[in-house]
Amino acid sequence: MKKSVLKRLMKYTKPYSAFLIGALVSTVINISLSLYGPILIGKAIDHIFSAGKVDHEGMIPILALLGLTIAMSAVFQWIMAYCTNKVSYQTVRDLRIQTYQKINKLPLKYIDGHAHGDMISRIVNDVDQVSDGLLQGLTQFFTGIVTILGTLIFMLTISPVITIVVVLVTPLSLFVAGFIAKLSHKQFIEQQATQGELSGYVEEMISGQKIVKTFHYENRSEKQFDEINRRLYNCGVKAQFYSSLSNPSTRFVNGVVYTSVAVIGSICAVTGRPGPLTIGQISSFLAYANQYTKPFNEVTGVITQIQTAFASAQRLFSVLDEEEEKPDAPDALALKDCEGNIDVNRLYFSYSPEINLIQNMNLSARKGERIAIVGPTGCGKTTIINLLMRFYDADSGAIKIDGTDVMDITRSSLRAVFGMVLQDTWLFSGTVRDNIAYGRKEVTNEEIIEAAKAAHAHSFIMRLSNGYDTVISEDGGNISQGQRQLLCIARVMLVDPPILILDEATSSIDTRTEIRIQKAFNKMMEGRTSFIVAHRLSTIKEADLILVMNHGSIIEQGTHEQLLGKNGFYANLYNSQFAIAD
Amino acid sequence: MLKLARFLKKYRKQVIIGPIFKLIEAIFELIVPIITAKMIDNGVKAGNVTYIWHMGGIMLLLGVTGLCSALICQKLASIASQGFGTVVRSELYQHINTLSHSEIDKFGTPSLITRMTNDVNQLQFAVAMLIRLVIRAPFLAVGAIVMAMLIDFQLSLVFLIATPLIAIVLYLIMSRSVPYFRVMQKKLDRISLVSREGLSGVRVIRAFSKQESEHQRFQSAADDQTNTAIRVGKLSALLNPLTYSIMNFAIIAIVWFGGWRVDAGGMTQGEVIAFVNYMTQTLLALIVVASLVVTFTKASASAARVNEVFDTVTSVPETNKDPIVKINHTPKIEFQNVSFSYDGTDKYAVNDLNFRIEPGETIGIIGGTGSGKSTLVNLIPRFYDVTKGKILIDGVDIRDYSFSELRGEIGMVPQEAVLFSGTIESNLRWGQENASGEDIQKALKISQSNGFVSAMSEGIQSPVNQGGKNFSGGQKQRLTIARALVGSPQVLILDDSASALDFATDAALRKSIQTETTGMTVLMVSQRASTIKRADKIIVLDDGEIAGTGTHEQLMENCEIYREICLSQLSKDEVNKK
Numbered sequence: 109m110k111k112s113v114l115k116r117l118m119k120y121t122k123p124y125s126a127f128l129i130g131a132l133v134s135t136v137i138n139i140s141l142s143l144y145g146p147i148l149i150g151k152a153i154d155h156i157f158s159a160g161k162v163d164h165e166g167m168i169p170i171l172a173l174l175g176l177t178i179a180m181s182a183v184f185q186w187i188m189a190y191c192t193n194k195v196s197y198q199t200v201r202d203l204r205i206q207t208y209q210k211i212n213k214l215p216l217k218y219i220d221g222h223a224h225g226d227m228i229s230r231i232v233n234d235v236d237q238v239s240d241g242l243l244q245g246l247t248q249f250f251t252g253i254v255t256i257l258g259t260l261i262f263m264l265t266i267s268p269v270i271t272i273v274v275v276l277v278t279p280l281s282l283f284v285a286g287f288i289a290k291l292s293h294k295q296f297i298e299q300q301a302t303q304g305e306l307s308g309y310v311e312e313m314i315s316g317q318k319i320v321k322t323f324h325y326e327n328r329s330e331k332q333f334d335e336i337n338r339r340l341y342n343c344g345v346k347a348q349f350y351s352s353l354s355n356p357s358t359r360f361v362n363g364v365v366y367t368s369v370a371v372i373g374s375i376c377a378v379t380g381r382p383g384p385l386t387i388g389q390i391s392s393f394l395a396y397a398n399q400y401t402k403p404f405n406e407v408t409g410v411i412t413q414i415q416t417a418f419a420s421a422q423r424l425f426s427v428l429d430e431e432e433e434k435p436d437a438p439d440a441l442a443l444k445d446c447e448g449n450i451d452v453n454r455l456y457f458s459y460s461p462e463i464n465l466i467q468n469m470n471l472s473a474r475k476g477e478r479i480a481i482v483g484p485t486g487c488g489k490t491t492i493i494n495l496l497m498r499f500y501d502a503d504s505g506a507i508k509i510d511g512t513d514v515m516d517i518t519r520s521s522l523r524a525v526f527g528m529v530l531q532d533t534w535l536f537s538g539t540v541r542d543n544i545a546y547g548r549k550e551v552t553n554e555e556i557i558e559a560a561k562a563a564h565a566h567s568f569i570m571r572l573s574n575g576y577d578t579v580i581s582e583d584g585g586n587i588s589q590g591q592r593q594l595l596c597i598a599r600v601m602l603v604d605p606p607i608l609i610l611d612e613a614t615s616s617i618d619t620r621t622e623i624r625i626q627k628a629f630n631k632m633m634e635g636r637t638s639f640i641v642a643h644r645l646s647t648i649k650e651a652d653l654i655l656v657m658n659h660g661s662i663i664e665q666g667t668h669e670q671l672l673g674k675n676g677f678y679a680n681l682y683n684s685q686f687a688i689a690d
Numbered sequence: 007m008l009k010l011a012r013f014l015k016k017y018r019k020q021v022i023i024g025p026i027f028k029l030i031e032a033i034f035e036l037i038v039p040i041i042t043a044k045m046i047d048n049g050v051k052a053g054n055v056t057y058i059w060h061m062g063g064i065m066l067l068l069g070v071t072g073l074c075s076a077l078i079c080q081k082l083a084s085i086a087s088q089g090f091g092t093v094v095r096s097e098l099y100q101h102i103n104t105l106s107h108s109e110i111d112k113f114g115t116p117s118l119i120t121r122m123t124n125d126v127n128q129l130q131f132a133v134a135m136l137i138r139l140v141i142r143a144p145f146l147a148v149g150a151i152v153m154a155m156l157i158d159f160q161l162s163l164v165f166l167i168a169t170p171l172i173a174i175v176l177y178l179i180m181s182r183s184v185p186y187f188r189v190m191q192k193k194l195d196r197i198s199l200v201s202r203e204g205l206s207g208v209r210v211i212r213a214f215s216k217q218e219s220e221h222q223r224f225q226s227a228a229d230d231q232t233n234t235a236i237r238v239g240k241l242s243a244l245l246n247p248l249t250y251s252i253m254n255f256a257i258i259a260i261v262w263f264g265g266w267r268v269d270a271g272g273m274t275q276g277e278v279i280a281f282v283n284y285m286t287q288t289l290l291a292l293i294v295v296a297s298l299v300v301t302f303t304k305a306s307a308s309a310a311r312v313n314e315v316f317d318t319v320t321s322v323p324e325t326n327k328d329p330i331v332k333i334n335h336t337p338k339i340e341f342q343n344v345s346f347s348y349d350g351t352d353k354y355a356v357n358d359l360n361f362r363i364e365p366g367e368t369i370g371i372i373g374g375t376g377s378g379k380s381t382l383v384n385l386i387p388r389f390y391d392v393t394k395g396k397i398l399i400d401g402v403d404i405r406d407y408s409f410s411e412l413r414g415e416i417g418m419v420p421q422e423a424v425l426f427s428g429t430i431e432s433n434l435r436w437g438q439e440n441a442s443g444e445d446i447q448k449a450l451k452i453s454q455s456n457g458f459v460s461a462m463s464e465g466i467q468s469p470v471n472q473g474g475k476n477f478s479g480g481q482k483q484r485l486t487i488a489r490a491l492v493g494s495p496q497v498l499i500l501d502d503s504a505s506a507l508d509f510a511t512d513a514a515l516r517k518s519i520q521t522e523t524t525g526m527t528v529l530m531v532s533q534r535a536s537t538i539k540r541a542d543k544i545i546v547l548d549d550g551e552i553a554g555t556g557t558h559e560q561l562m563e564n565c566e567i568y569r570e571i572c573l574s575q576l577s578k579d580e581v582n583k584k
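Structure representation (structure tokens):
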């Protein structure tokens, strides 16, 4: 499985394969050159023997070559870093854009069924993880391996005997690095979990601060906090201690290698057994020994990183492999000059096969009629919107607009005939003007202002610091919930669609504006077919048709009088509002 | 940053002893090249194998001792730094608990959490580095130069040129690239913002067929981030090649000039090798120093953010912790010329409120959003303190009560129904830990929760997830009402807390509160006229001021705003219905 993940990932690097090859080639060149350095230094040192026995002339070509080696090595080191950066960041960008693009194409069913935070984290964190772990991690891995091999080869050319000594110490180095990585990894996971628990607790308590204060819970919550905090301390000390072992242990293993090389190298130089060695060669060996454990640490360190990256890549690919929204039929019509007649025939729908939501729904709405959707919160009014606008497709039966089945209409032209003002307003971070103009491509300033005026939004917009150019911040902190809804109304007013879907939850708008909005709504509804999620009795009573919903399905439909006559759920709902509390 | 040093007091021992052990290791590291030099000059050149073994033994001994002292230092560093972090978190948490809503709102919950986690972690790391590296790294860098000077002063001039050069390169590159990391984070935040909007607005986007333009928006955010990343990458890619080149050319210089010094008899061959070693040590130590600078810059920003919290003083102080004497025959709650503004300016959220509530009365408070309803009730348990005027409970200014007495008096059900992870029972016992089972059952019954609670297989032992996410909005609201009732408070405040209930449950709830709780003063805030219509007294708020008080009938007569609200929500019949 890992192989296929890697293979698939490599496909993303294809457009940048020149950089990838550049990175690999320059890695090999850079490492070879930089490993060659100590040999040259050693040779140069051999020309310095003692007082009066120094061959400066002999040193010149060696040092010149050394200088060249250093310069070249530096150049290739830079190329290597540059190419790696290019490949990883650009691949990451492509992956990100593709994932986002994919989300745009996924059916609503997927998006509704998955936590948004989790999907964002895939786009942001997992992609970063892939970049850090797989691309940069793999280059580090590659560098490490090349360095180890290169060092071995260079050492062999000087003295096979000492090389064997060094190789014998290698398992020690591997063992130490692996052991520390394992120990600290386990502790880090525990620390992470406890840290998460602590943040969760703090979040719960701070956001529930009112309750904490009302019930005088401060002391009790401090005790609980301290308990988690103490656990965090315990695993934190361990995690930090274990991970901080890595540097001193590395230095120690290096010290052992260094000592062995120094002692055995010196003995070789003196006795010529088991092989002859010059002092300069000892110095080259010592230089290698000093850096010897570094690549081992890098390689072992990078392995865990690569593993997490694989997991991240799989999480990404699982999104990319999701089935997309079915494309429009090739012969789908573009809906033009829509009248707004809607017919629903024998419609069946459910989100999951176990629970039948809508069964045999029939509905006929002529141009200009008002359909009120009534029921407790969470009764499933979104289901109706989902079906009308084809965010979801019905299981069987048909919805027809002006006599044409919605399945035969292109989605974009179908959705364009609906205007939606929902309770949970959606604005994007941008200016007020851009938000109002969201639904139309070319629009004049006058039209925007006119729509804002019609939605009673103009006066508050003018009171904002920058008027229509005020940027709506991410959390929407600078405008109130009611004002957000007014902007959404203006957005729909500008598009002027033949069918409206309105959420009558105007409770977040102050009383007097609410009344004016009601008027604007009424005006907007003239001549248009409207679906209203209704909360006020006046709207309900005046509706041409009332759909009574509960637990996601339509349980009754008819006019106010018809439904009262049925003496069912609606009648009960209607009467209970005025139950006398005494 | 120094301000936070007080939290290290407990760990003074570790902070002093730790670096000493680290110094021992560093000294040993500096000695090793000299021993190598001796091994070569006195051992190899003199052909003395015993001497070589001897020196090798010393090297190994130094290594082992160095390792042990380093381990001791690491242990001390983890104890001190994690201990420091634990103390800071605990103190922060306690401090936040003393803050009032104005202060908490000013920071925002997410920001307080990051301060308590990320920022404290950053500081913790800085403390560890303080013990582990702040003494060691500069000591190694300077030490290597000093050792070189001791061996041969003339040749050490190479160090005096190369070291500042390396330092300058490090400074130039890092001072330019490090600030970019914050920029990169911002651009990454932008990417997650666009994705979040794309997901939460998915219906609007598809309704307007704006997928293409959203894609463009995302792409430009992604491109922007990539371009910055590559630009920074190019710059920081210079760091290693440049510093290593300087070091290597310095080594060439050492070998070349060292050759002359040896020729003149001022140095030995082994000492030249030691010089080369010291040069490498200097570079590595300098790189560590540079990264330390980054660590401490980050830490000082974190320290500032943590200190900001510590320096914030609550605007609602508890001045008296002793019990007070209530005055008989006074209204239960009385507002006298109460004004309040959130930011201390003269933009009052509520202005000049005057009213009295008698014991046992049920009061309805109605008005549009922003009319000050919630503000009014939030002033009673002192979530905020009045800006002008005063509030009396049982004839005593609420600022003269201790917090526990004042809040013990009040059962508050805030607008947002918040439950805490645990069980239903643990949530209900928040107000009174030792409440009897009967009290709990009664509270469940009054709040209309006994139906769904007993339908759950585990009853009141049923688990509650964080925020009560496993309950519906209506269930949560009923449980929060039950929680407030368990303590049998004198005053019950319902801040629009029945909004998610259907009309039937809402009506049943109101009825049982009225019949089952004799003598309890109830304040009911609502947007629904039907909810408060039958209260003993209704207070109508408009733009922070009282627009009318009285019964439903009186207000229908003489309060224009109340009439507007009622007429917009109720039909004529219902308005007039008794």
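Residue numbers (our numbering), protein chains in the order written: chain H, 109 to 690; chain P, 7 to 584. Ideal Cβ placement from N, Cα and C applies to all residues, glycine included. Remember, predicted model here, so these are calculated numbers, not experimental data.
Those residues which DSSP pairs with Ser347(P) across a bridge: Partner(s): none; Ser347(P) has no beta bridge.
Alpha-carbon to alpha-carbon, Ile372(P) and Thr614(H): Here Thr614(H) scores only 46 on pLDDT, less than 50, and its place in the model is too uncertain to base an answer on.
CB-CB length for Lys508(H) against Asp451(H), believed under 8 Å: 4 Å
Interface residues of chain P facing Ala179(H) [CB-CB closer than 8 Å]: Ser251
Alpha-carbon spacing of Glu203(P) relative to Phe425(H), whole angstroms: 22 Å
Continuous beta strand (DSSP E) assignments of at least 3 residues falling wholly in the segment 428-481 of chain P: none
8 Å contact criterion, which Tyr208(H) and Ser201(P) should meet: CB distance rounded: 6 Å
Own chain residues within Cβ distance below 7 Å of Lys649(H), not counting five before or after: His668
Near-chain P residues of the segment 306-323 of chain H (beta-carbon distance less than 9 Å), N- to C-terminal order: Leu306, Ser307, Gly308, Tyr309, Val310, Glu311, Glu312, Met313, Ile314, Ser315, Gly316, Gln317, Lys318, Ile319, Val320, Lys321, Thr322, Phe323
Residues that Ser638(H) bridges to, as DSSP identifies them: Arg478(H), Leu608(H)
Min CB distance Leu340(H) to chain P below 9 Å: yes
Endpoints, beta strand (DSSP E) assigned at Arg454(H): 450-457
Inside the segment 314-341 of chain P only - alpha helix (DSSP H) runs reaching at least 4 residues: none
Chain H contact for Leu10(P) (CB, 9 Å cutoff): no
Chain H contacts made by the segment 142-156 of chain P, where a contact means CB separation under 9 Å: none
Span of the beta strand (DSSP E) around Glu431(H): Where Glu431(H) is concerned, there is no enclosing beta strand (DSSP E), given that its DSSP letter is neither H nor E.
Asn675(H) in three-state terms, based on DSSP: coil
Cross-strand partners of Leu398(P) (DSSP beta bridge): Glu340(P), Asp403(P)
Backbone CA spacing between Met61(P) and Leu248(P) [nearest angstrom]: 36 Å
C-beta neighbour in chain P for Phe360(H), strict 9 Å: yes
Where Glu563(P) falls, given that 16 or more other Cβ within 10 Å makes a residue buried: exposed
Asn283(P) to Pro39(P) span [Cα, whole Å]: 6 Å
Integer-rounded CB distance, given that Arg138(P) should sit under 8 Å from Gln222(P): The pair is not a contact, with the Cβ atoms about 48 Å apart (cut-off 8 Å).
Ala347(H) versus Arg435(P), Ser84(P), Gln520(P), Leu507(P), residue with shortest Cα-Cα distance: Ser84(P)
Beta carbon proximity, Leu36(P) to chain H, threshold 9 Å: no
For Asn553(H), the three-state DSSP class (helix, strand or coil): helix
Val50(P): contacting residues in chain H (beta-carbon distance under 8 Å): Ser374, Ala377, Val378, Ile387, Ile390
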